[in-house]
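Chains as they are written, first to last, in the numbering used here: chain A, 1 to 500; chain B, 1 to 500; chain C, 1 to 500. Ideal Cβ placement from N, Cα and C applies to all residues, glycine included.
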Amino acid sequence: PHNSNTNVRVSLPVVCFVWQTAMVILFGVFIRYNAESDVRWREFRRTNNISSDIENDFYFRYPSFQDVHVMVFVGFGFLMTFLKRYSFGAVGFNFLIAAFGLQWALLMQGWFSSLDTDGKIKIGVENLINADFCVAGCLIAYGAVLGKVSPVQLLVLTLFGITLYAVEEYIILSILHARDAGGSMVIHTFGAYYGLAISWMLYRPNLEQSSRLQGSVYHSDVFAMIGTLFLWMFWPSFNSALTDHGDGQHRAVINTYLSLASTVLTSVAVSSLFQKQGKLDMVHIQNATLAGGVAVGTAAEFMLMPYGSLIVGFFCGIISTLGYIYLTPFLEKHLKIQDTCGVHNLHAMPGVIGGVVGAITAAAATETVYGKEGLINTFDFDGDFKGTTPSRQGGMQAAALCVALVFGIGGGIFVGCILRLPIWGDPADEDCFDDQFYWEVNQEGNIASEILPEDEESVEPVLEYNNHTIRNKNVYVSNLYLICETKQLCFVSNTFLYFQ
Amino acid sequence: PHNSNTNVRVSLPVVCFVWQTAMVILFGVFIRYNAESDVRWREFRRTNNISSDIENDFYFRYPSFQDVHVMVFVGFGFLMTFLKRYSFGAVGFNFLIAAFGLQWALLMQGWFSSLDTDGKIKIGVENLINADFCVAGCLIAYGAVLGKVSPVQLLVLTLFGITLYAVEEYIILSILHARDAGGSMVIHTFGAYYGLAISWMLYRPNLEQSSRLQGSVYHSDVFAMIGTLFLWMFWPSFNSALTDHGDGQHRAVINTYLSLASTVLTSVAVSSLFQKQGKLDMVHIQNATLAGGVAVGTAAEFMLMPYGSLIVGFFCGIISTLGYIYLTPFLEKHLKIQDTCGVHNLHAMPGVIGGVVGAITAAAATETVYGKEGLINTFDFDGDFKGTTPSRQGGMQAAALCVALVFGIGGGIFVGCILRLPIWGDPADEDCFDDQFYWEVNQEGNIASEILPEDEESVEPVLEYNNHTIRNKNVYVSNLYLICETKQLCFVSNTFLYFQ
Amino acid sequence: PHNSNTNVRVSLPVVCFVWQTAMVILFGVFIRYNAESDVRWREFRRTNNISSDIENDFYFRYPSFQDVHVMVFVGFGFLMTFLKRYSFGAVGFNFLIAAFGLQWALLMQGWFSSLDTDGKIKIGVENLINADFCVAGCLIAYGAVLGKVSPVQLLVLTLFGITLYAVEEYIILSILHARDAGGSMVIHTFGAYYGLAISWMLYRPNLEQSSRLQGSVYHSDVFAMIGTLFLWMFWPSFNSALTDHGDGQHRAVINTYLSLASTVLTSVAVSSLFQKQGKLDMVHIQNATLAGGVAVGTAAEFMLMPYGSLIVGFFCGIISTLGYIYLTPFLEKHLKIQDTCGVHNLHAMPGVIGGVVGAITAAAATETVYGKEGLINTFDFDGDFKGTTPSRQGGMQAAALCVALVFGIGGGIFVGCILRLPIWGDPADEDCFDDQFYWEVNQEGNIASEILPEDEESVEPVLEYNNHTIRNKNVYVSNLYLICETKQLCFVSNTFLYFQ
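Encoded structure:
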């Protein structure tokens, strides 16, 4: 059912313009500033006896927000640049769908959770963080289909992904009243299974035709490390961005920081252990080292204790790395799930672990450790949920994990069906992982014609490569390779050369 | 009038040493810590009844300051690395002139706005932010002349640019009493026209001789995306760094965040619509996506409303991208303005739009929306400006825009005249966009001699290239190209090849 | 005594697993949340009359902490990517040892300074910053031995380095009661001499066998600039992260910002002055521009005055750049110290200068400048140290510098002895600076075999290179070079070519 026409000159602009126009209208109808970002804040301060401007929520959360923002745009974007010829698509489409997604998320999440009595959604920095979180779910899903879909498909994936996320989040946080500070369930489990299910629906039996591009080169691996490190460093901000003021944010940072540190060591250990001659594999270092951050997402704000965080990170580093070594090939071969970035190892498994750890930690919470007040504050046993017991909370956490799984898999199958329609401009199997179908890629060798002597003797084509017949010219430049030839010779590229 | 001697061994060290020495002396005479950074802060706290250290302005502004700092050094620096062989110059000269500029800005802006009764300039974090802002104006100007000037010229451009900026800013903010939180007028309009006027004065009719280097390669485009993304992500901090504590900073962030998101979608739409086969152009993604941040600069702190921000971003994405497609070639061909980075599209037009949006928003401000107190606080209708009406404020905003334009164009023509003197070591037309004239560029091919068999038969030179005659040797390495030849063959380089 | 077997498949996993398990156990026994990160914070607030959550130390220090975190992982990591084929090792091993080091540092520093009456170490954001600082010392040491050691050796270096650091820090800060906000002595002097002493112990007389890899390529220099700029930008956060709330942090930022700006200009000046044709050397721009941040480390929180900071930066830029030009070759030739990154110029000399500047500034402190209260607060003349005079404090600062030197040099010699044991899997002299011995490096040319015609006529090998005999195949791919050959020809690589 695949359509190899990658021309999106109509569909992409139409989708962008129409959707963005819709955003303008919906924002006009629904979105307003909240009390802390509205010009009447000073009156609000007086009315509510807030002693200083610094107690505006902005100052509690803005530094974390910016860190999350960096994770979404630079972290996810650059992490996916590892492919040798899909860096533009990685960082550029990541940029596009995040920019759309955050607007749609402000609306969807707003309707569910920030709707004021006047029917308006009142936004502040917390909504911006939530929108970025919501987008992160879709970017994780992008990781599973990286290089195999068109930008229009990605926008559709995002539209539905954000919608599903908002519903799932509402069920998990408001109805089940589960806690999920860093989104192990809401973001990672949902996002990863959503992407994997889509990838399963879009299975490409002949993807090995693109295998020459499905790998990294030296520099692209270094670019990917930019993404890895910004994700790794700012993950404490991610897990603490929306937790309680004071100790809640403080503790979430410590737990995440420790879990991530522990993951690095066990990822390195397993990577070395399972490779010939003990050499490390950049794929593991780029990805598995982050699993600890995913897996403390739910429990980061709880009294997980520093050693508890280390233990979570310890096992996630092992599991995630083993996943890259054994599970990814297995999924592709036996379950027909092609997972470009290995999101199953980095987000799905650690996300599920995170949900389980969260459920156990919640169920095991005692007044001895938390204090009466601490228990109420941490788990928000207040209002309708006054008197909830920790063990019941543990049950709700477990139920929440199931909801995330169901929404991820079910939503992914549904959206996958839509994305199979032959109208989205996705690439043929042999054109995957190649930027040149959606980007003007600079013809690196176009200088060659300048410096080749004009009297050069031309010969007939001797080679066909990558669908380009080399015509009766003495120089041929493909996106990847500069090919030139004469009686005597020859082609060359960035990295290799042929001659006759 | 061009001097192709790019040796700056005398002029560059002399300028650096003399100017830096001058800075030391002037700082010694004029600059002191302000009350919030001085060791006597605790006394000040008691005297002024400030209840906690956290109300030191430092904690309101330092996170934003660091984001702005990243925009200035990494954002602008890496945005300009897109050229295939001018990355050192892009990021290195950006570094140099910013480091000088911020010192000079502290003095110039200090004399105009932070001079205490004792004749000293008292500095704190707000001054550091202002200095970074001031520098940003000059870095925008650098974008217009990127690759065509010497480092000494850039330092001269910065010296005068900072000076002009400080005067223009004083007129706009203090005399006209206009508001310009994110500097749509003060920074972007001024900086862009300043650079464009200089570029016009330094017009190079034979610049096409460097055309082979006036483009990107795959990796340089990915490096540039680092700059783009850090600018895009941190722009909310830029526009809110100096706004009022509390709601002022909070609202400026929301407006900027939304405007930028909207811009991304319309930039992508137009880029795809106007290219063959709907392919995206990295130049647009790298630059036009930022136009929304420029254009809400003035109005970011006003009650622009979330949908208002989206609308501004919507149109700026379109206009900026169309500018890259149609206006930049037009300016070069018909107005003799060579604008390397397209600052006209990214800063000049959006800056003017931002000024107009600011004037309209200010003029349309009502007590219904702002409240009496809000109106006074937001527009600072206080002291000498007590009782100013919004419509009058709108007029002042419009006048401010004209001041920025006049200073930019007038100042650029004046400084351009100075930079035409044949003493600055600027490159010849055929040497533009090439790092090797100001940087020790690693001789990438120097290993070749090691591995070429010594008994290789030498032949006479067959080629002259890039001013280097290939001498009677079988290997020639230029900065860019490894050339080697024998009876049978051949040269090769990173990207292309010649053979005989 | 060098063992050229670089197989670390046993040793690396064992060390990682055992040490990480030890961390889990020790954390379980010793580490707990402190009052500000514990769930009982609200009780603590009430008991201690803290009026708002925003006065949790978290909000004073978290933005600075994240900046420091970026410096440690991206700053140091990318600064070392300048080598053409050691980027994986630079950024990857930096990641590994930092992740281990911060855990061990939490314990070691905790035992010395955060041990509560119940025998537990209570941690909060300040401990995380301290751990990152401690790690920075070891990463500096890594700079001296970059490319010449195995990851196992690096872990050993880190284990002992952190231990020595904690002792040295305790002596300097607690016993001698010296102040060292940004760690000119504690971090930079100690770390640099520790690394240099190790490098001296591990002297490799035949290192020139790796000289072809001991340099940069164009792109690797741009990657290194990412490290440089993040270090440069966030250095004010580094020097202020642990200073006093309020004016202490504010002033440390201003001093560091100014010193660094000044250093850039003098580094550029000297770099240009001492190179042929005034061309700038990227090594100087990448490194010497940071010397000013090191050198105001101790005095950043003192009343150094803005011009004082400029003066410190001024001279450090000169000294550090001259160090790269003259001293590094001298050290290698005459003292047998091979200093890959030039840490002697960037950290050792500026660190010592910083210690001296700190001692002088402290000794010169007067009540006129500081006020009685300011003097007590700034230098902590309280408790056991009540009534200390500034001149005595100056003496203690000088003594502290000596302690740092002794621990660095002595510790380095001791650890160097251990690292000389032939069990660590370090590379042979000709294998240094080459990622392929510890990393699965992508065989960039492996596509060549696909596109070479199958009927290509093979010939006998004609070349042996880099220990790889070219076998009876027409294509040979090494990690670095694609080599291919036939009757007529030839090999090519990323950067160079051979032919027959």
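Boundaries around residue 257 of chain B are those of the alpha helix (DSSP H), 247-273, since no beta strand (DSSP E) includes it. Spatial neighbours of residue 252 of chain A in its own chain (CB-CB distance under 8 Å, excluding positions within 5 residues in sequence) are listed in chain order as 181, 182, 236, 239, 240, 243, 300 and 301. For residue 55 of chain A, a Cβ of chain C is located within less than 8 Å of the residue's own Cβ. Between residue 52 of chain B and chain C, the shortest Cβ-Cβ separation is below 8 Å. Its chain contains 147, 433 and 435 as the residues whose beta carbon lies nearer than 6 Å to that of residue 86 of chain C, once the 5 sequence neighbours on both sides are disregarded; these appear in chain order. Within the segment 209-221 of chain B, contact with chain A at the beta-carbon level (separation under 8 Å) is assigned to 212, 215, 216, 217, 218, 219 and 221. Under the DSSP definition of a beta bridge, residue 33 of chain A partners with A/123.
Going by DSSP, residue 300 of chain C is part of no alpha helix (DSSP H) at all; its letter is neither H nor E. Residue state for residue 424 of chain C is assigned as coil, using DSSP reduced to three classes.
Close to residue 377 of chain B, with beta-carbon spacing below 8 Å, are these residues of chain A in chain order: 39 and 42. For residue 330 of chain B against residue 177 of chain B, the beta-carbon gap comes to about 37 Å, at or over 8 Å, which does not count as contact. If you draw a straight line from the Cα of residue 312 of chain C to the Cα of residue 154 of chain B, it comes to about 25 Å. When CB distances to chain C are screened at a threshold of 8 Å, the residues of the segment 85-105 of chain B falling below it are 85, 87, 88, 91, 92, 95, 96, 99, 100, 102 and 103, in chain order. When the alpha-carbon of residue 34 of chain A is set against those of A/439, A/401 and A/118, the nearest one is in A/118.
Distances from the alpha-carbon of residue 222 of chain C to those of B/78, B/254 and B/196 put B/78 closest.
Counting along the chain, residue 118 of chain A sits inside no alpha helix (DSSP H), nor does DSSP assign it H or E at all.
Beyond the five residues adjoining it in sequence on each side, residue 322 of chain B comes within less than 7 Å, by CB distance, of 270 in the same chain, given in chain order. Residue pairing for residue 335 of chain A: DSSP places it in no beta bridge. A residue is called buried once 16 or more other Cβ atoms fall within 10 Å of its Cβ, and residue 227 of chain C is buried on that count. Taking a beta-carbon distance threshold of 8 Å, residue 250 of chain C counts as an interface residue toward chain B. Separation of residue 318 of chain B and residue 20 of chain A (C-alpha to C-alpha, rounded to the nearest whole angstrom) is 12 Å.
If you look at residue 67 of chain B, you'll find it in the alpha helix (DSSP H) that goes 57-70. One thing to note: residue 151 of chain B has its Cβ within 8 Å of the Cβ of residue 96 of chain B.
Spanning the alpha carbons of residue 414 of chain B and residue 230 of chain C requires a straight line of approximately 35 Å. Residues of the segment 57-85 of chain C with a C-beta atom less than 9 Å from some C-beta of chain A are 57, 58, 59, 62, 63, 65, 66, 69, 70, 72, 73, 74, 77, 78, 81 and 85, listed in chain order.
Of A/59, A/276 and A/377, the smallest CA-CA separation from residue 10 of chain C is found for A/276. Listed along chain C is no residue with a C-beta nearer than 8 Å to that of residue 156 of chain B; the closest approach is about 14 Å. For the pair residue 32 of chain C and residue 315 of chain A, the Cα-to-Cα distance works out to about 21 Å. Nearest to residue 109 of chain B by alpha-carbon distance, out of B/134, B/179 and B/393, is B/134. DSSP, read as helix, strand or coil, puts residue 164 of chain C in helix. Counting C-beta pairs closer than 8 Å gives three or more between the segment 333-342 of chain A and the segment 194-210 of chain A, which meets the contact rule.
Looking from the CA of residue 171 of chain A, the closest CA among A/399, A/395 and A/387 belongs to A/399. CA-CA distance, residue 272 of chain A to residue 265 of chain A, rounds to 11 Å. For the options C/26, C/212 and C/370, the alpha carbon positioned closest to that of residue 38 of chain B is the one of C/370. The beta carbon of residue 35 of chain B sits no closer than 8 Å to any beta carbon of chain A. For residue 345 of chain A, no CB of chain B lies under 8 Å from its own CB, so it is not counted at the interface with that chain.
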